[in-house]
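Chemist:
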Amino acid sequence: MKHFVRLFSLLAFCLGVASALPAQESPEKPEADHTYKPILLNLSEDGEKYVRFVLWHQHWLQTNNLAEDNASLQLTNSIRRSRVLAYAQVSPRFLILTHFGLNNLTPNNLTPLGNEGDAPQFFLHEAWAEFKVSNNDALYLGGGLHYWRGLTRMTSDGTTAFMTLDQPRPFVHWHSLAVTDQFNRHLGIYAKGQVKKFDYRLALNNPGRNGLQQNFGSKDTGLAYDGFEQTDKQGKATGNTIIEGYFRYNFWDEESNKIPNSIGTYLGSKKILAVGSGFFAHPDGMYNSSNGAHGNVFHYALDAFLDTPLSKDDCLSAYVSLLKFNYGKDFVSRWAGTGTAFYGQVGYKPPKSRFMPYVALQSADYEGYDDNIQAFDLGLNYFINGHHAKLTLEYHAVLNDPREGGLDPITGAPQDVKVVRLQAQVAL
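If you want it as structure tokens, here you go:
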């Protein structure tokens, strides 16, 4: 924690000095335009047909694990995300989206030529197209490698508009990441729609075959998340369908569902109070090698989101979710486990301020572990130009989770994780 205080003080000092420096007046030069304008290519004169391009980079500077005994401070650079996304409204009824990117490029996985071994690659994140079925916004149908996820609002989080530094880790909202999907995207078909203040999304997907299927818990269950690779007792294939959905009602302003990405905070530009409920079902997704029986995966969740100005130019943002996971008795997957998880976050941006401090808490009680898992984030955003250019400093801690910190080689107890990380984001 003392390292976080030192880094926080240094960042605040640098930002304060920068803001206090006198501007170099130059009457000959016009004032620079720092306003954000979307990268649009109009395909029709009225602008109804267009292609929009979105690019973003997130650079991290992170400490080593400060929970280790006698840890000396080490700082490591990494590229958390480098992405390119484009979507085109090619007619009033057709939309197509393609999304490529790279994740988690660190000194440990750099290779001499950038194309060897397990080095992060620029790969396909999304590729889907949709058709507007109804004359209003009540029904759209689409398919491909998509991000129209169920369970919670944060399961389809937009990674450029977090209020916190990143998706809360352990990734309970991204519970299927690298388990049955490709970086939280599934291959499948979906339906979505919006009727006034109510909107929904439903999807039928296929599970990926190459995920993290083993039990990460401390109790022997005989279970693995690979039921789709095992025939049933009659020798028939099963477990090839995932069904998920999310339903939301906005009491105040409406939110767009043009693309699936949820907004973490609107920074006071909207007045949002939304409640939602979602589910994730995978019939015969589990397999018990001890008796040859299949089992179902079923999760459900409730959440609420508040993001509103309290006075002129300020913003209060808060989110809570309660998630119930069921993989089978005592089973723990990579990010969640049979049991219950709670997540909450709150932040406040004062009037006319570029700063937004926040705090976040996660608590999980899983059958496969003896102790509850706790995670805590304390951070500060500095918005240079909204979400388009911002700095975020965060202290991040995870307690009692052997999936994150590993086990102590002597005692066998879960090792904690405590790091300080600084992110610089530019999103166009």
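My numbering runs 384 ahead of the 1-based position in the sequence shown. Glycine is no exception: its CB is placed at the ideal position from the N, C-alpha and C atoms.
What ranges does the alpha helix (DSSP H) occupy inside the stretch 709-772, keeping only unbroken runs of at least 4 residues that lie completely in it?
Modeler: Runs found: none.
Chemist: Tell whether a beta-carbon distance below 8 Å holds between I643 and L523.
Modeler: Not closer than 8 Å, so no.
Chemist: Thinking C-alpha only, which one of H772, A677, L686 and L497 is nearest A703?
Modeler: Before going on, a small fix: residue 703 reads as Tyr here, not Ala. Checking every option, the nearest Cα to that of Y703 belongs to L686.
Chemist: Please tell me whether Q378 and D610 are closer than 8 Å, where the distance is taken between their beta carbons.
Modeler: The question about residue 378 has no answer, for the chain in this structure spans 385 to 812.
Chemist: Quick one: what does DSSP say E639 is sitting in, helix, strand or coil?
Modeler: Of the three classes helix, strand and coil, the one that applies to E639 here is coil, per DSSP.
Chemist: Let me make sure I understand the geometry here. Which of V803, A748, G606 and G623 has the alpha-carbon closest to that of H557?
Modeler: Closest option to H557, Cα to Cα, is A748.
Chemist: Check whether the stretch 427-441 and the stretch 468-476 touch, using three or more Cβ-Cβ pairs below 8 Å as the test.
Modeler: Contact between the stretch 427-441 and the stretch 468-476 is present, because at least three Cβ pairs lie under 8 Å.
Chemist: Hey, could you find the ends of the alpha helix (DSSP H) R787 is sitting in?
Modeler: R787 -> alpha helix (DSSP H) spans P786 to G789.
Chemist: For K516, which residues in the same chain have their Cβ closer than 6 Å to its Cβ, ignoring the five residues on either side in sequence?
Modeler: Answer for K516: R477 and Y524, listed in chain order.
Chemist: Can you have a look at I794 and say buried or exposed, based on whether 16 or more other CB atoms are within 10 angstroms of its CB?
Modeler: Per the 10 Å Cβ criterion, exposed.
Chemist: Assign E751 to buried or exposed, taking buried as 16 or more other Cβ atoms, counted over all protein chains shown, within 10 Å of its Cβ.
Modeler: Buried, by the Cβ-count rule.
Chemist: Going by CA-CA distance only, name the one from A608, D697 and K736 that's closest to H678.
Modeler: Measuring from the Cα of H678, the nearest candidate turns out to be A608.
Chemist: Please classify T495: is it buried, with 16 or more other beta-carbons within 10 angstroms of its beta-carbon, or exposed?
Modeler: Burial call: exposed.
Chemist: Tell me the DSSP bridge mates of L481?
Modeler: Looking at the DSSP assignment, L481 forms a beta bridge with Y471 and W512.
Chemist: Would you call Y420 buried or exposed, if buried means 16 or more other Cβ atoms sit within 10 Å of its Cβ?
Modeler: Under this definition Y420 is an exposed residue.
Chemist: Just to confirm the assignment, what range does the beta strand (DSSP E) spanning N493 have?
Modeler: Premise fails: N493 is in no beta strand (DSSP E) and is neither H nor E.
Chemist: By Cβ distance, which residues of its chain are closer than 6 Å to L706, with the 5 residues on each side in sequence left out?
Modeler: For L706, where only same-chain residues beyond five positions count, the Cβ hits under 6 Å are L686 and F726.
Chemist: Taking the beta carbon of I656 as the centre, do at least 16 other beta carbons fall within 10 Å, making it buried, or is it exposed?
Modeler: So I656 ends up on the buried side.
Chemist: Work out the CA separation of K733 and V659 for me, nearest whole Å.
Modeler: Whole-angstrom Cα-Cα distance: 22 Å.
Chemist: Would you mind stating whether R805 and L535 have Cβ atoms separated by less than 8 Å?
Modeler: Contact: no.
Chemist: Find the nearest neighbour of E452 within the set Q807, D800, A808 and V810, judged by alpha-carbon distance.
Modeler: Checked all of Q807, D800, A808 and V810; the closest Cα to E452 is D800.
Chemist: Run through DSSP, which three-state label would G526 get?
Modeler: If DSSP states are grouped into helix, strand and coil, G526 belongs with the strands.
Chemist: Which residue wins for smallest C-alpha separation from E613, given the options F437, S653 and N672?
Modeler: It is N672.
Chemist: Take I463 as the anchor and find which of L497, Q505 and L791 has the nearest alpha-carbon.
Modeler: Considering only alpha carbons, the answer is Q505.
Chemist: Give the C-beta separation of M740 and N765 to the nearest angstrom, bearing in mind that I take them to be a contact with Cβ-Cβ under 8 Å.
Modeler: 4 Å between Cβ atoms; contact.
Chemist: Please go through the same chain and pick out, in chain order, the residues whose beta-carbon is closer than 6 Å to the beta-carbon of A575, but skip the five residues on each side of it.
Modeler: Same-chain partners within the cutoff: L525 and L586.
Chemist: Along the beta strand (DSSP E) that carries N448, what are the first and last residues, could you check?
Modeler: Here N448 belongs to no beta strand (DSSP E), and DSSP marks it neither H nor E.
Chemist: Name the residue from A808, V803 and L791 whose alpha carbon lies nearest to the alpha carbon of S820.
Modeler: Within the shown structure, residues of the chain are numbered from 385 to 812, placing residue 820 beyond reach of any answer.
Chemist: Run through DSSP, which three-state label would E429 get?
Modeler: Correct three-state label for E429: coil.
Chemist: G633 to H771, Cα distance in whole Å?
Modeler: The sequence given here places Tyr at residue 633; Gly does not occur at that position. Roughly 25 Å separates the two Cα atoms.
Chemist: Is it right to say A744 is buried, meaning 16 or more other beta carbons lie within 10 angstroms of its own, or is it exposed?
Modeler: Buried.
Chemist: How big is the Cα-Cα spacing for N641 and T460?
Modeler: Answer to the nearest angstrom: the Cα atoms are 37 Å apart.
Chemist: Going by alpha carbons, who is nearest to I627 out of W532, G712, Q551 and W636?
Modeler: Among W532, G712, Q551 and W636, the Cα nearest to that of I627 is on W532.
Chemist: Could you have a look at F358 and say whether DSSP puts it in helix, strand or coil?
Modeler: Lying outside 385 to 812, the shown extent of the chain, residue 358 is not represented and no answer is given.
Chemist: With distances taken from CA atoms, which of A688, A665 and M547 is nearest V681?
Modeler: Of the listed residues, the one whose Cα sits closest to V681 is A665.
Chemist: Would you identify the three-state DSSP class for M670, choosing helix, strand or coil?
Modeler: Here M670 sits in strand by DSSP.
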